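*Asks:* Protein chains in written order, with my numbering: chain W, 25 to 266; chain S, 25 to 266. All residues carry an ideal CB built from backbone N, CA and C; glycine is no exception. Computed from a predicted model, the values in this text were never measured in an experiment. Mind having a look at this structure? Questions to follow.
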């Protein structure tokens with residue numbers, strides 16, 4: 025098979041949504057917690073509410089309003105915000121239980137094609153997260169789901185959050201490559217737009233169920249990305265990886 | 025099998041000497057270069073001379089005399105120093121050839137037990153370089169030799185060179201663990217002494233041929249390290265990893 029991106033030596037992956045199904049995994053972890061403390065909210069709604077605070081909390085870091093901290097710190101603050109909204113009684117909840125729920129982001133199932141797709145892609149290209157997740161989170165998620173990364177790049181290595189240009193550029197630098205030798209693999213048009221603006225190549229993976237059955241965003245590629253695929257195994261086909 | 029270090033969740037590896045045979049690999053890469061340019065020095069001697077400049081060059085960074093730079097930058101400067109000593113005519117040598125020779129450090133064979141040992145250790149523990157090598161170098165070395173790392177920690181992630189305490193401590197922090205949950209795996213007593221002083225557990229691997237047939241250092245463990253093994257497969261036995 026031909027490789028449509030022969031100059032690319034490293035594939036940097038968005039992880040939450042592109043490689044793993046965060047919504048189901050967070051809902052699964054939240055369900056017994058919500059039940060135990062009598063919080064009357066659907067676990068999927070809870071997952072969506074928690075996730076909705078993700079971008080605003082990173083924006084505080086991007087804008088310089090807040091110094092760079094790892095994603096688990098942002099997630100923990102956001103979790104407490106959502107719990108407060110549902111009138112959680114923090115006096116009854118052990119800190120260790122909140123910490124454990126926060127680690128739901130490290131126990132998410134890969135999409136059905138992810139492990140096979142990554143394994144095949146790895147035959148020809150180096151692969152790694154180019155995610156806003158922190159190193160320990162990406163490590164634990166990989167061991168949970170069997171994601172065969174070669175290296176972990178992204179937010180913690182670059183002390184910045186996508187879509188800032190330096191997240192892409194310093195990740196490329198960390199793996200010893202020029203931007204055009206790196207492809208960003210993501211289910212999100214915004215991520216790919218920023219990656220392309222930084223000089224990276226782009227691979228769009230359609231994940232129409234990331235946000236559940238009523239998803240309205242990122243259902244289609246919004247630009248002529250270098251590769252457009254339904255799954256990571258289809259992306260492997262496009263890159264000539266058996 | 026029992027795990028003698030049940031609290032340990034991450035094994036951080038010294039790489040040059042402990043996991044891969046740098047001396048043979050550097051000599052192999054240097055031989056055709058030395059012949060082409062008529063430099064009359066045995067390739068193994070050349071490898072030893074190049075390696076002898078490794079610690080002094082890092083010491084300039086540790087002491088603060090020089091800002092932190094990646095290991096390939098130090099190796100490149102040291103390579104030019106050694107070539108100069110042997111009266112290399114830099115006017116005749118293309119920069120790309122020197123750069124390629126400098127990448128000899130990314131094309132080193134694992135010791136015969138390394139891939140099997142790491143593969144087995146990975147069944148129970150997360151594994152990664154805790155090396156003075158830079159991220160790209162560790163990535164390329166892993167892909168060259170099939171080293172199945174989960175993550176890359178060490179000098180570049182911590183912007184420090186072992187045996188500074190922060191290389192160990194910030195590597196542990198990067199993988200989300202306390203120092204006692206991390207074991208340093210090394211063939212060098214000095215590395216283990218510094219790791220232990222920082223609170224890490226210690227695994228000594230005897231590598232009596234790292235420096236060739238006349239090696240005089242690190243032939244024996246000099247302290248009661250937590251595990252002492254002849255090979256990485258033997259270390260896997262000690263950690264209960266089939």
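Give me the subset of the region 169 to 195 of chain W whose CB atoms are less than 9 Å from a CB atom of chain S, sorted by chain position.
*Replies:* So the close ones are 172, 173, 174, 175, 176, 177, 180 and 181.
*Asks:* Go ahead and pull the three-state DSSP assignment for residue 253 of chain S.
*Replies:* Locating residue 253 of chain S in the second chain gives position 229, where the first residue counts as 1. Residue 253 of chain S falls in the strand class under three-state DSSP.
*Asks:* Alpha carbon to alpha carbon, what distance is there between residue 175 of chain S and residue 173 of chain W?
*Replies:* Position 149 of the first chain, counting from 1, holds the residue named residue 173 of chain W. Position 151 of the second chain, counting from 1, holds the residue named residue 175 of chain S. So the alpha carbons of these two residues sit roughly 8 Å apart.
*Asks:* Using beta-carbon positions only, say whether residue 25 of chain W and residue 261 of chain W come within less than 8 Å of one another.
*Replies:* Numbered from 1 along the first chain, position 1 holds the residue referred to as residue 25 of chain W. Numbered from 1 along the first chain, position 237 holds the residue referred to as residue 261 of chain W. Against a cut-off of 8 Å, the Cβ pair of residue 261 of chain W and residue 25 of chain W comes out as a contact.
*Asks:* Using only the alpha-carbon positions, how far apart do residue 157 of chain S and residue 148 of chain S sit?
*Replies:* Here the question's residue 157 of chain S lines up with position 133 in the second chain. Here the question's residue 148 of chain S lines up with position 124 in the second chain. Spanning the two alpha carbons is a distance of roughly 25 Å.
*Asks:* Roughly how many angstroms lie between the CA atoms of residue 180 of chain S and residue 131 of chain S, to the nearest whole one?
*Replies:* Residue numbering aside, residue 180 of chain S sits at position 156 when the second chain is read from its first letter. Residue numbering aside, residue 131 of chain S sits at position 107 when the second chain is read from its first letter. So the two alpha carbons sit approximately 19 Å from each other.
*Asks:* From what residue to what residue does the beta strand (DSSP E) around residue 226 of chain W run?
*Replies:* Along the first chain, read from residue 1 onward, the residue named residue 226 of chain W stands at position 202. 225 to 229 is the span of the beta strand (DSSP E), which, as asked, contains residue 226 of chain W.
*Asks:* Assess contact between the region 137 to 144 of chain S and the region 250 to 259 of chain S, defined as three or more Cβ pairs (one per stretch) separated by less than 8 Å. Is contact present?
*Replies:* These segments touch.
*Asks:* Which residue's Cα is closest to the Cα of residue 76 of chain W: W:47, W:117, W:91 and W:64?
*Replies:* Here the question's residue 76 of chain W lines up with position 52 in the first chain. Considering only alpha carbons, the answer is W:47.
*Asks:* I'd like to know if the region 102 to 109 of chain W and the region 25 to 34 of chain W are in contact, where contact means that at least 3 CB-CB pairs between them fall below 8 Å.
*Replies:* Verdict: no, contact absent.
*Asks:* Taking buried to mean at least 16 other C-beta atoms within 10 Å of its own C-beta, is residue 115 of chain W buried or exposed?
*Replies:* Stepping through the first chain from its first residue, residue 115 of chain W is reached at position 91. So residue 115 of chain W ends up on the exposed side.
*Asks:* Name the one or two DSSP bridge partners that residue 208 of chain S has.
*Replies:* As a working note, residue 208 of chain S is residue 184 in the second chain. For residue 208 of chain S, which the question treats as bridged, DSSP gives the partners S:36 and S:226.
*Asks:* How big is the Cα-Cα spacing for residue 190 of chain S and residue 62 of chain W?
*Replies:* Within the second chain, residue 190 of chain S is the residue found at index 166, counting from 1. Within the first chain, residue 62 of chain W is the residue found at index 38, counting from 1. In a straight line, the C-alpha of residue 190 of chain S is about 44 Å away from that of residue 62 of chain W.
*Asks:* Mind checking which residues open and close the beta strand (DSSP E) that includes residue 151 of chain W?
*Replies:* Counting from one through the first chain, the residue named residue 151 of chain W turns up at place 127. From DSSP, the beta strand (DSSP E) with residue 151 of chain W extends over 150 to 155.
*Asks:* If you draw a straight line from the alpha carbon of residue 87 of chain S to that of residue 187 of chain S, how long is it in whole angstroms?
*Replies:* Numbered from its first residue, the second chain carries residue 87 of chain S at position 63. Numbered from its first residue, the second chain carries residue 187 of chain S at position 163. In a straight line, the C-alpha of residue 87 of chain S is about 12 Å away from that of residue 187 of chain S.
*Asks:* Any idea which residues DSSP pairs residue 178 of chain S with across the strands?
*Replies:* Against the second chain, residue 178 of chain S aligns to sequence position 154. Residue 178 of chain S is bridged to S:155.
*Asks:* Can you list the residues of chain S that residue 159 of chain W reaches, using a CB-CB cut of under 7 Å?
*Replies:* Counting from 1 along the first chain, the entry for residue 159 of chain W is found at position 135. Result: 175, 198 and 199.
*Asks:* Here's a check: name, in chain order, each residue in its chain whose Cβ is nearer than 6 Å to the Cβ of residue 230 of chain W, leaving out the five neighbours to either side.
*Replies:* Indexing the first chain from 1 puts residue 230 of chain W at position 206. Answer for residue 230 of chain W: 254, listed in chain order.
*Asks:* Residue 80 of chain W to residue 84 of chain S, Cα distance in whole Å?
*Replies:* As a first step, residue 80 of chain W must be located in the first chain, where it is residue number 56. As a first step, residue 84 of chain S must be located in the second chain, where it is residue number 60. The alpha-carbon atoms of residue 80 of chain W and residue 84 of chain S are separated by roughly 42 Å.
*Asks:* Do you know offhand how far residue 193 of chain S's Cα is from residue 223 of chain S's?
*Replies:* Start at 1 with the first residue of the second chain, and residue 193 of chain S comes out as number 169. Start at 1 with the first residue of the second chain, and residue 223 of chain S comes out as number 199. So the alpha carbons of these two residues sit roughly 8 Å apart.
*Asks:* Residues of chain W with a CB under 8 Å from the CB of residue 128 of chain S: which are they?
*Replies:* Here residue 128 of chain S refers to the residue found at position 104 of the second chain. Under the 8 Å cutoff, chain W gives no residues; its nearest Cβ is about 15 Å from residue 128 of chain S.
*Asks:* Whole angstroms is fine: what's the gap from residue 137 of chain W's alpha carbon to residue 169 of chain S's?
*Replies:* In the first chain, counting from the first residue as 1, residue 137 of chain W sits at position 113. In the second chain, counting from the first residue as 1, residue 169 of chain S sits at position 145. C-alpha separation (whole angstroms): 27 Å.
*Asks:* How big is the Cα-Cα spacing for residue 103 of chain W and residue 196 of chain S?
*Replies:* The sequence position of residue 103 of chain W within the first chain is 79, counting from 1. The sequence position of residue 196 of chain S within the second chain is 172, counting from 1. So the two alpha carbons sit approximately 25 Å from each other.
*Asks:* So if DSSP puts residue 286 of chain W in a beta bridge, which residue, or which two residues, is it bridged to?
*Replies:* Here chain W comprises residues numbered 25 to 266, so residue 286 of chain W is not present and cannot be evaluated.
*Asks:* Assign residue 57 of chain S to one of three DSSP states: helix, strand, or coil.
*Replies:* Along the second chain, one-based indexing puts residue 57 of chain S at 33. Of the three classes helix, strand and coil, the one that applies to residue 57 of chain S here is helix, per DSSP.
*Asks:* DSSP three-state call for residue 239 of chain S: helix, strand or coil?
*Replies:* In the second chain, counting from the first residue as 1, residue 239 of chain S sits at position 215. Three-state result, residue 239 of chain S: coil.
*Asks:* What's the call for residue 204 of chain W, buried or exposed, on a 16-neighbour Cβ count within 10 Å?
*Replies:* Locating residue 204 of chain W in the first chain gives position 180, counting from the first residue. Exposed, since its Cβ has fewer than 16 Cβ neighbours within 10 Å.
*Asks:* For residue 129 of chain S and residue 161 of chain S, I'd like the C-alpha separation in whole angstroms.
*Replies:* Position 105 of the second chain, counted from the first residue, corresponds to residue 129 of chain S. Position 137 of the second chain, counted from the first residue, corresponds to residue 161 of chain S. C-alpha separation (whole angstroms): 7 Å.
*Asks:* Could you give the C-beta distance for residue 211 of chain W and residue 234 of chain W, rounded to a whole number, given that I count them as a contact under 8 Å?
*Replies:* Stepping through the first chain from its first residue, residue 211 of chain W is reached at position 187. Stepping through the first chain from its first residue, residue 234 of chain W is reached at position 210. At roughly 6 Å, the Cβ-Cβ gap stays under 8 Å, so residue 211 of chain W and residue 234 of chain W are in contact.
*Asks:* Reducing DSSP to helix, strand and coil, say where residue 67 of chain S ends up.
*Replies:* Looking up residue 67 of chain S in the second chain gives position 43. Helix at residue 67 of chain S.
*Asks:* For the alpha helix (DSSP H) that contains residue 123 of chain W, what are its first and last residues?
*Replies:* By one-based count along the first chain, residue 123 of chain W stands at place 99. Element bounds for residue 123 of chain W: 119 to 126.
*Asks:* Since I believe residue 182 of chain W is in contact with residue 208 of chain W (beta carbons under 8 Å), could you give me their beta-carbon distance rounded to a whole number of angstroms?
*Replies:* Walking along the first chain from the start, residue 208 of chain W turns up at place 184. Walking along the first chain from the start, residue 182 of chain W turns up at place 158. With 8 Å as the limit, residue 208 of chain W and residue 182 of chain W do not qualify as a contact, their Cβ atoms being about 14 Å apart.
*Asks:* Is the beta carbon of residue 263 of chain S sitting closer than 8 Å to the one on residue 145 of chain S?
*Replies:* As a working mapping, residue 263 of chain S is identified with position 239 in the second chain. As a working mapping, residue 145 of chain S is identified with position 121 in the second chain. Going by C-beta atoms, residue 263 of chain S is nearer than 8 Å to residue 145 of chain S.
*Asks:* To the nearest angstrom, how far is the alpha carbon of residue 93 of chain W from that of residue 126 of chain W?
*Replies:* One-based indexing of the first chain puts residue 93 of chain W at position 69. One-based indexing of the first chain puts residue 126 of chain W at position 102. In a straight line, the C-alpha of residue 93 of chain W is about 15 Å away from that of residue 126 of chain W.
*Asks:* So is residue 45 of chain S buried or exposed if we call it buried at 16+ other beta carbons inside 10 Å?
*Replies:* By one-based count along the second chain, residue 45 of chain S stands at place 21. Result: buried.
*Asks:* Please confirm if residue 163 of chain W has its CB atom under 8 Å from at least one CB of chain S.
*Replies:* Position 139 of the first chain holds residue 163 of chain W. Interface residue, yes.
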